[in-house]
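What follows is one structure encoded as structure tokens, with my remarks underneath.
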Amino acid sequence: MQLTRRGNVTRAIHSAELEDQTVSSDFLDAANEYIKGTINADELVERTKTRIMKRDSESAAK
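In my numbering, the protein residues as written are 1260 to 1321.
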């Protein structure tokens, strides 16, 4: 299963890079937890959404 999860993460990162997006170290940390099976895909998505919403609200406050 780790190979499938690793492949999913690799494709997601590649997709982001193709769209000229950067991948944060926070995402990579969460993605590694997903690969190890510590969290599931839903939790990875939820963490990513939460991080993006926090970043956007902090940017809007400036």
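The beta carbon of each residue, even a glycine, is placed where N, CA and C say it ideally should be. This one's a predicted model, so the numbers in the text were calculated from it and none came from an experiment.
(Q) Only counting the same chain, and skipping five residues up and downstream in sequence, which positions put a Cβ closer than 7 Å to that of Leu-1303? (A) In chain order, Ala-1289, Ala-1290 and Tyr-1293 place their CB closer than 7 Å to the CB of Leu-1303, counting only its own chain and leaving out the 5 sequence neighbours on each side.
* Asked: Looking at Ile-1298 and Val-1282, is the spacing between their C-beta atoms short of 7 Å?
  -> With respect to Ile-1298, Val-1282 sits apart: the two C-beta atoms are not nearer than 7 Å.
Discussion item. Do Arg-1314 and Asp-1285 have their beta-carbon atoms positioned less than 7 Å apart in this structure?
Written reply: No, the Cβ-Cβ distance between Asp-1285 and Arg-1314 is not below 7 Å.
Of all the options Glu-1317, Ser-1316 and Leu-1287, which has the alpha carbon lying nearest to the alpha carbon of Asn-1267?
-> The residue from Glu-1317, Ser-1316 and Leu-1287 with its alpha-carbon nearest to that of Asn-1267 is Leu-1287.
ask   = Straight-line CA distance for Thr-1263 to Ala-1300?
value = Answer to the nearest angstrom: the Cα atoms are 12 Å apart.
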